[in-house]
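Report on one structure; see the data block that follows.
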Amino acid sequence: MAEISLDVHQLQAFAEVGYQVAGGGGARGAMAALRRVVPLDAYEFVAYDPATGRHRSVVSDGHPRIDGDAAEEYAALDAYRTALSTRAPVRMPAPGTERYFRRHLAPYGWRAGLTAPLFLAEGRYTGLLHLTSREPFPGRTGALVAAVAPMLAHVTDLTRCVIDPVGLPPDFRAVAFDRLGARREVPGREVSAAVRDDPDMAAFARAFIDSRELSRHGLWLDRAGRWHEVRVLRAGVGYQGTLQGAVVAERPCVLPYELTGREVDVLTRVAAGDSNPQIAAALVLSVRTVTTHLEHIFAKLGCDSRTRLTTKALAEGLCRLDV
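The sequence shown: position 233 = 234 (my numbering), numbered continuously.
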């Protein structure tokens, strides 16, 4: 097999360009560029999901078969732990990998394997890249793959929401959730610590995902007593957006129209269709107090009927969200 002649720094620059040129091609576009300088016959990207602590295959090419338990089996090897500590690719078969090699590679004609741990530039681990060949890899293969690993780590980053939600104002911070409550980053958005750290937010997101709503807009009082304007949108999360999910985005706010917190609660009940006695029972108030609150709300919002009040509250997101 031909020896690699490109040095590490040239390859790093080339691979980055190739990855950018690939654009929507993602893993396959990046590997097409890498294959021009690294002699390999097959590859597999294995993603690490921090929500479950498990690994799973997400993209492969050239393999006639990928055994379903291979990812977790490799993660149990000492070679895996060594790779994480050194951040260096591990060749196969090497001491400690013989059994794995005989089971998952040798039966399909592969004579050499190389597995690189994938860490983003900021140091977060996202998964593994397995390379296989019918001939031994040239000596510099490991160093070359290690050089491009930070770019390739984005392929296996399952914490990101893949499908960017449309319609969020630029100053909203956000967190994406799947139905199991796993939290994921939203590309191009600052992470909302208030949403991420609230223990009730995952259940709120799951209820939204299970509803028929496409979006939700309202007010939220966090555990520190601060009000936030919140928008909730449907989005695909996980690898290539294959999981149903929701993006919960917020920005701190003062209550609009000089409403008080109690008036927001009353307005929310009005928009839900409750009568004054029902509102009084739900909020543990007297009917007279509810009537007084409503008089203030009508005046502040400039409405003269419950119908117009409800329309305005829903359109402008003035109701309190049930988090």
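No residue lacks a Cβ here, since even glycine has one placed at the ideal position from N, Cα and C.
All figures in this text were calculated on a predicted structure; none of them were measured in a lab.
Would you call residue i buried or exposed, if buried means 16 or more other Cβ atoms sit within 10 Å of its Cβ?
| i | result |
| --- | --- |
| A194 | exposed |
| E99 | exposed |
| A208 | exposed |
| T53 | exposed |
| A316 | exposed |
| T116 | buried |
| D68 | exposed |
| T308 | exposed |
| Y109 | exposed |
| E191 | exposed |
| V255 | exposed |
| V291 | buried |
| E251 | buried |
| L130 | buried |
| D211 | exposed |
| V248 | buried |
| V285 | exposed |
| D50 | buried |
| L181 | exposed |
| E230 | buried |
| A281 | buried |
| V324 | buried |
| D158 | buried |
When the Cα of residue i is compared with those of the options, which residue comes out closest?
| i | options | result |
| --- | --- | --- |
| Y126 | R100, R104 and A89 | A89 |
| A144 | T312, P188 and V38 | V38 |
| G30 | V156, V47 and R135 | V156 |
| E123 | R103, T116 and M152 | M152 |
| H64 | V187, R309 and T133 | T133 |
| T312 | S276, S287 and T269 | T269 |
| E264 | F178, H294, E251 and G128 | H294 |
| D70 | R57, V196 and L78 | R57 |
| L215 | L121, P40 and A236 | A236 |
| G274 | R174, D158, C320 and L234 | C320 |
| N277 | E296, P139 and D172 | E296 |
| R213 | E230, L234 and L220 | L234 |
| A43 | A113, Y75, G128 and R55 | A113 |
| E136 | F173, L106, I280 and L322 | L106 |
| F205 | A225, A183 and G189 | A183 |
| V146 | R36, V238, P253 and A272 | R36 |
| P200 | D62, R224, L310 and F120 | R224 |
| D266 | A314, S306 and G246 | A314 |
| M93 | S287, K301, L310 and F138 | F138 |
| E74 | T87, Q245, P96 and R104 | R104 |
From the DSSP output, read off the bridge partner residues of residue i.
| i | result |
| --- | --- |
| R184 | F178 |
| M93 | G114 |
| D50 | R55 |
| D158 | Y49 |
| E251 | R174 and V231 |
| Q238 | Strictly speaking, residue 238 in this sequence is Val, with Gln absent from that position. DSSP lists L244 as partners of V238. |
| S134 | A113 |
Within a Cβ cutoff of 6 angstroms, which residues of the same chain sit near residue i, ignoring the five residues on either side of it in sequence?
| i | result |
| --- | --- |
| H218 | R232 and G318 |
| G168 | none |
| A84 | V91 and P118 |
| L222 | W228 |
| L41 | L132 and S134 |
| A150 | A117 and L119 |
| I298 | E264 and L268 |
Return helix, strand or coil for residue i, following the three-state DSSP convention.
| i | result |
| --- | --- |
| E1 | In this structure the chain extends from 2 to 324, so residue 1 is not present and cannot be described. |
| S61 | strand |
| L119 | strand |
| A194 | helix |
| T269 | helix |
| A300 | helix |
| G30 | helix |
| L169 | coil |
| R321 | strand |
| A147 | helix |
| A316 | helix |
| L153 | helix |
| S216 | strand |
| G128 | strand |
| L222 | strand |
| V288 | helix |
| I67 | coil |
| D79 | helix |
| D305 | coil |
| S276 | coil |
| P108 | helix |
| G262 | helix |
| R207 | helix |
Within a Cβ cutoff of 7 angstroms, which residues of the same chain sit near residue i, ignoring the five residues on either side of it in sequence?
| i | result |
| --- | --- |
| E259 | K301 |
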